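Every letter in the sequence shown is one number past the one before it in the numbering used here, and letter 45, counting from 1, is 57.
Take a look at the structure below.
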Amino acid sequence: MKMVIADLKGFEIYVPNGYLFYAEAFIEKNISDRSVEYFLENDSNDWQSVDWHSLDKDALSKVKFKNINWQHDKINMYGKEMYLPRYSAWYGDTDKSYTYSGIHLEPNVWNKGLLYLKERIESITDVKFNSVLMNWYRDGFDHIGWHTDAESELGQNPVIASLNFGASRDFVIRTKDKSQKMSIPLKHGTLLIMGGALQHFWEHSVPPRKKVKEARFNLTFRVIKHDHA
Numbered sequence: 013m014k015m016v017i018a019d020l021k022g023f024e025i026y027v028p029n030g031y032l033f034y035a036e037a038f039i040e041k042n043i044s045d046r047s048v049e050y051f052l053e054n055d056s057n058d059w060q061s062v063d064w065h066s067l068d069k070d071a072l073s074k075v076k077f078k079n080i081n082w083q084h085d086k087i088n089m090y091g092k093e094m095y096l097p098r099y100s101a102w103y104g105d106t107d108k109s110y111t112y113s114g115i116h117l118e119p120n121v122w123n124k125g126l127l128y129l130k131e132r133i134e135s136i137t138d139v140k141f142n143s144v145l146m147n148w149y150r151d152g153f154d155h156i157g158w159h160t161d162a163e164s165e166l167g168q169n170p171v172i173a174s175l176n177f178g179a180s181r182d183f184v185i186r187t188k189d190k191s192q193k194m195s196i197p198l199k200h201g202t203l204l205i206m207g208g209a210l211q212h213f214w215e216h217s218v219p220p221r222k223k224v225k226e227a228r229f230n231l232t233f234r235v236i237k238h239d240h241a
């Protein structure tokens, strides 16, 4: 992957079997602020003041969000269905479905806001992304455990670009043998790009941070490569 990094105020991080690019303030604050509003605009709640975590699943499922089709996915764990501790949405080109952890996702149609963010990232790379997985962490209790993004649809050594808005959260990576570990703070407007063979040798997570009261949004832009593509 080639990048234009001269004026980004970012830096590259090289680790065994992979690399990352980190730009703390890639998206300007006014656009980052507007992005949070865009993600939460709805027909029934004040997006700035409502305690989203206090709404039960039924109440939140009835909220009609104007721009993002948020959903609460379930996985089967030890024979029981469990809701993920976060909300998600999958957007992309028409034929770019995605399956992970037993969850099959058909893409929502790109909207203007998401295309703008995608094009901002593409302006500094030679990668053309065709999909994005959005995760909404309502507060510090929402999280994601250790995992890799190594599904077959992503190809051999996927380039994944992660944009972050809202609350700052720790993004933690570790080698699969647990011999090395690194914590990276992802802030409001931060861009983190993962590449090389990272997904095959390193795991990552966003652990709970119970003192965090604000929402955090993470958008991971990807390239889906189906067999027929």
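Where is the CB? At the ideal position from N, CA and C, for every residue including glycine.
Note that this is a predicted model, so its numbers are computed, not measured.
- Distance between His212 and His159, taken at the CA atoms: about 10 angstroms.
- Boundaries of the alpha helix (DSSP H) harbouring Asp70: 69 to 73, taken from the DSSP string.
- Short of 6 angstroms from the beta carbon of Phe51, and not among the five residues preceding or following it, lie these beta carbons of its own chain, in chain order: Ile80, Phe229.
- Using a Cβ distance threshold of 8 angstroms, Ile236 and Leu166 count as a contacting pair.
- Leu129 and His200 have their C-alpha atoms some 14 angstroms from each other.
- Put simply, of Glu53, Trp148, Ala209, Asp58 the residue whose alpha carbon is nearest the alpha carbon of His84 is Trp148.
- His238 sits in coil when the DSSP states are folded into three classes, being neither helix nor strand.
- When the alpha-carbon of Trp59 is set against those of His238, Leu231, Phe233, Glu226, the nearest one is in Glu226.
- Of all alpha-carbon atoms in Met146, Arg221, Asp189, Asp68, the one lying nearest the alpha-carbon of Pro28 is that of Asp189.
- Cβ contact annotation for Trp102 (same chain, cutoff 8 angstroms, sequence separation greater than five): Tyr110, Leu117, Glu118, Pro119, Asn120, Ser143, Val144, Leu145, Met146, in chain order.
- Under the three-state reduction of DSSP, Gly208 is assigned to coil, being neither helix nor strand.
- For His216, the number of other beta carbons within 10 angstroms of its own is at least 16, and it is reported as buried.
- In the DSSP assignment, Glu24 is bridged to Phe33.
- By the C-beta density criterion, Lys140 is exposed, having fewer than 16 other C-beta atoms within 10 angstroms.
- A direct Cα-to-Cα measurement between Ile115 and Asn57 gives close to 29 angstroms.
- Within the DSSP secondary-structure output, Pro197 pairs in a beta bridge with Asp182.
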